[in-house]
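Undergrad: Got a structure here, written out as structure tokens. Questions coming.
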Amino acid sequence: MFKRIVLTVSALAIVAVILAETLASWVKNPYGLEAERLGPKGNESLPPILTKANAKNYILYPKYEENVYVIHLALPNHYVHNTNITDRIVKSYSASASMYYPGLNGKFHSDNANLAKCSGYCGGYIRAFIQTNQNSAHALSSRVLERISHDRQQGSSLYKFEDLTPEFGIDEHFQIRYPVIEAKSKGGKASSEEYLIARDRNGEVKYLFECTPYTPSPACRVTFNLSSRPELVVDITFGRHLMAEWQKVIQSVNEKIASWGPVRIELINKQNNNTSRLTGCTETSLGAVRCGASLKPAG
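Under the working numbering, read the sequence shown as residues 96 to 394, first letter to last.
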């Protein structure tokens, strides 16, 4: 009899521990964020988030600044490989989307089932990375050009700078070759980097295109701020053959991502108590939450 009592008490104690751990986990992570995505910033409070159906719902955090806001981005499922589709909210610093120009349906959309199979950035394939960043795309491009200018002034034999003729309606056009690498590859120029700089009317850098023209799949990448949500920086890579339509490519991708309705949610974490100042939440037509100043209990 005594043994039965001991076993029963032990079993109840184990169940109590499991329930306590489950409750503690829920309090810390009430919205089902993927555990591996919680990262070092897993103690912040979030408002109720209404997820959008048939989409991978991201909560994007600034990577190099304090958590004063997050961006809710609902990425339609046809931009995501089937193995990565989830009903859970995914906390991340960035989201990636694969699509085809000019329609910009997701790579895994049924309309793309009959596209010719190819490897690399052929056809209209575009890969987009979307992230929050405290720096503008202009500032990021300026840093790259500062580094290039420094390398050019050094006059090192490791670099060979070559000015090229204007192309695609862009006047500033040059490439950097790497003689040592080319010698090792018997004259192959796959390591060469091509740059095209489009400036605005004030002479400021508007777009910096970085291309790899001599690789098996020549491609170019460019970074820009999303017009409807400037906190988001979009980095796209596409086949170099699409450079002839670079303005349309950027505009189309910008409009497509904006159509997903990314929403900024303000929050201030309180480390010494369990409250967060959030903007009072109202549901939008896109199934997300917008907020105005109010205090809500954390978790």
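Glycine included, C-beta positions come from ideal geometry on N, C-alpha and C.
Should Leu199 be labelled buried (16 or more other beta-carbon atoms within 10 Å of its own) or exposed?
TA: Counting Cβ neighbours within 10 Å, Leu199 comes out buried, since at least 16 surround it.
Undergrad: Using a Cβ-Cβ cut-off of 7 Å (strictly less than) and excluding sequence neighbours within five positions of Ala190, which residues of its own chain qualify?
TA: Correct list, in chain order: Tyr153, Leu155, Leu168, Leu170, Ile225.
Undergrad: Sorted by chain position, which residues of the same chain lie with C-beta nearer than 6 Å to Ser287's C-beta, five sequence neighbours on each side aside?
TA: Gln270, Arg272, Tyr309.
Undergrad: Which full runs of the beta strand (DSSP E) of 3+ residues lie inside the segment 266-320, going along the chain?
TA: DSSP runs (the beta strand (DSSP E)) wholly in the segment 266-320: 267-272, 288-294, 300-307.
Undergrad: Compare the C-alpha of Lys151 against each of Tyr196, Gly201, Ile109 and name the closest.
TA: Of Tyr196, Gly201, Ile109, the residue nearest in Cα terms is Gly201.
Undergrad: Determine which residues share a DSSP beta bridge with Ser401 and list them.
TA: As displayed, the chain neither begins before 96 nor continues past 394, which places residue 401 out of reach and without an answer.
Undergrad: Tell me where the alpha helix (DSSP H) around Glu241 begins and ends.
TA: Unbroken alpha helix (DSSP H) run through Glu241: 232-249.
Undergrad: Looking only at its own chain, which residues have a Cβ that is under 8 Å from the Cβ of Gly282, when we skip the five neighbours before and after it?
TA: Within the same chain, Gly282 has no close Cβ partners at all.
Undergrad: If you draw a straight line from the C-alpha of Ser354 to the C-alpha of Val175, how long is it?
TA: If I take the Cα positions, the gap works out to 17 Å.
Undergrad: Excluding the 5 residues preceding and the 5 following Ser187 in the sequence, name in chain order all residues of the same chain whose CB lies nearer than 8 Å to its CB.
TA: Correct list, in chain order: Arg132, Tyr153, Ile154, Leu155, Tyr156.
Undergrad: How long is the line joining the alpha carbons of Lys343 and Gln248, rounded to whole angstroms?
TA: Using only the alpha carbons, I get a separation of about 35 Å.
Undergrad: Can you list, in chain order, the residues of its chain with a C-beta nearer than 7 Å to that of His173? Leave out the 5 residues immediately preceding and following it.
TA: Same-chain partners within the cutoff: Asn200, Gly201, Phe203, His204.
Undergrad: Work out the CA separation of Asn230 and Val185 for me, nearest whole Å.
TA: Cα to Cα, Val185 sits roughly 23 Å from Asn230.
Undergrad: What residues in its chain sit with their C-beta under 7 Å from that of Asn367, if we drop five residues either side in the sequence?
TA: Low per-residue confidence applies at Asn367: pLDDT is 37, beneath 50, and the placement is therefore not dependable, though the value from the model is reported in the following sentence. Hits under 7 Å: none found.
Undergrad: I'd like the span of the alpha helix (DSSP H) that includes Asn349, first residue to last.
TA: Asn349 -> alpha helix (DSSP H) spans 341-353.
Undergrad: Between Phe263, Arg335, Leu327, which lies nearest to His233 when the distance is taken from Cα to Cα?
TA: Out of Phe263, Arg335, Leu327, Leu327 has the C-alpha closest to the C-alpha of His233.
Undergrad: Go ahead and label Leu208 buried or exposed: buried means 16 or more other beta carbons lie within 10 angstroms of its beta carbon, across all protein chains shown.
TA: What sits at residue 208 in the sequence shown is Ala, not Leu. Per the 10 Å Cβ criterion, exposed.
Undergrad: On the premise that Arg294 lies in contact with Arg324, defined as a C-beta separation below 8 Å, what is that separation, rounded to the nearest angstrom?
TA: Between Arg294 and Arg324 the Cβ distance is about 24 Å, and since that is not below 8 Å, they are no contact.
Undergrad: What is the rounded straight-line gap between the Cα of Glu277 and the Cα of Lys158?
TA: For Glu277 and Lys158, the distance between alpha carbons rounds to 37 Å.
Undergrad: Checking 8 Å against the spacing of the C-beta atoms, do Tyr216 and Phe304 come in under that value?
TA: It is not a contact, given that the beta carbons lie outside the stated cut-off.
Undergrad: Which two residues bound the contiguous beta strand (DSSP E) that contains Arg324?
TA: Counting along the chain, the beta strand (DSSP E) containing Arg324 begins and ends at 324-334.
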